[in-house]
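Each remark here refers to the structure printed beneath this line.
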Amino acid sequence: MPVAKKKHRSNPEWIRRHVTDPYVKAATRHGYRSRAAYKLIEIDAKEKLLRPGMTVIDLGAAPGSWAQVVRERLTTGCAVRGRIVALDILPMDPLPDVQFIQGDFREEAVAAELAAALAGQKADVVLSDMAPNLSGIAAADAARSLHLAELALEFAIAHLKPDGALLVKAFQGSGYSQFVEQLKRGFASVAARKPPASRAESAETYLLARGLKRRENSTSAKGLK
Ligand SMILES: C[S@@+](CC[C@H](N)C(=O)[O-])C[C@H]1O[C@@H](n2cnc3c(N)ncnc32)[C@H](O)[C@@H]1O
125 MPVAKKKHRS NPEWIRRHVT DPYVKAATRH GYRSRAAYKL IEIDAKEKLL RPGMTVIDLG
185 AAPGSWAQVV RERLTTGCAV RGRIVALDIL PMDPLPDVQF IQGDFREEAV AAELAAALAG
245 QKADVVLSDM APNLSGIAAA DAARSLHLAE LALEFAIAHL KPDGALLVKA FQGSGYSQFV
305 EQLKRGFASV AARKPPASRA ESAETYLLAR GLKRRENSTS AKGLK
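Mapping the sequence shown onto the numbering used here, position 217 (from 1) lands on 341, and the numbers just tick up by one.
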């Protein structure tokens, strides 16, 4: 099964779909950097994930629309209460109140830099919308996506508060059900969410895992495999 169709921004079909997409229009109207904002808005409306005072990690953050939404949800009065640390392999235009780390999350040094940014604090929510550049070769794309999702899980297990939550993008296909099992070994509840803003023809799904299970001897997700 293809992970997702490769984006071809020069493809007339992609351009037609893009300019007629209501979420693209809404994003432009409301000042979001991407239509992806609505995926998080829709999930958060149902799941009540984000609140002022929280520490939130945003993996695969560029161009920044999820970080914009997190910022809004953490705002009370006219101030942001809490912490937002965003990370991407690509550069991202600055957002007020968002600490940005540019780096490849597959590199241990980058994950360590993110951990250091937490300065011993645990996070309330880890978001991962990371997706690799798609090659169009389904098996390779699925393996790369899964690897990013597993790294997000590993980070979440090590750095979430006991009642914290991980929202992670995963593609249905090879390795998906095994990844769900991995999540279930680490978290008390795991549910798949496909918000209306996520295109029906895309195999993209969001897995929401809540409440860390207590584990005796290990602090990393490696033992969950
Ligand atoms: C779907 S986009 C995220 C959109 C973002 N949530 C938003 O709302 O603006 C996926 C992101 O994952 C990032 N990404 C892919 N591989 C990565 C890696 N190894 N480390 C960090 N970020 C990565 C990409 O650069 C891309 O910006």
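Idealized CB from N, CA, C, for every residue including glycine. No experiment lies behind these values; they were computed from the predicted model shown.
Between LEU291 and LEU331, the C-beta gap is smaller than 9 Å, which places the two residues in contact. By a beta-carbon distance limit of 8 Å, LYS308 does not contact LYS246. Their separation comes to about 21 Å.
The beta carbon of SER322 sits closer than 8 Å to those of LYS163, GLU328, THR329, TYR330, all from its chain and outside the five residues before and after it, given in chain order. GLY227 has its CB nearer than 8 Å to a heavy atom of ligand 1.
The beta-carbon separation of TRP138 and ALA161, rounded to 19 Å, does not stay under the 8 Å limit for a contact. CA-CA distance, ASP248 to LYS172, rounds to 12 Å. TYR300 is bridged by DSSP to nothing; it lacks a bridge partner.
In this structure LEU211 touches LEU238 by the C-beta definition: roughly 6 Å separates them, less than 8 Å. Counting every other CB atom within 10 Å of its CB across the protein chains shown gives LEU214 a total below 16, marking it as exposed.
Here PRO220 carries a coil assignment [DSSP, helix/strand/coil]. For GLY310, the closest alpha carbon among the candidates VAL148, GLU274, PRO176 is that of GLU274. Annotation for ARG195: VAL204, ILE208, LEU219, PRO220, ASP221, VAL222 place their beta carbon closer than 8 Å to its own, counting only its chain and skipping 5 residues before and after. Within 8 Å of the C-beta of SER158 there is at least one heavy atom belonging to ligand 1. Only exposed fits GLY177, as fewer than 16 other CB atoms lie within 10 angstroms of its CB. Along the length of the region 297-338, whole alpha helix (DSSP H) runs at least 4 residues long occupy 300-310, reported in chain order. In this structure, the C-beta of GLY188 approaches ligand 1 to less than 8 Å from one of its heavy atoms. Under the DSSP assignment, ILE165 falls in the alpha helix (DSSP H) whose first and last residues are 161-171. Taking a contact as a CB-CB distance under 8 Å, the pair LEU242 and MET254 does not count as one, their CB atoms being some 18 Å apart.
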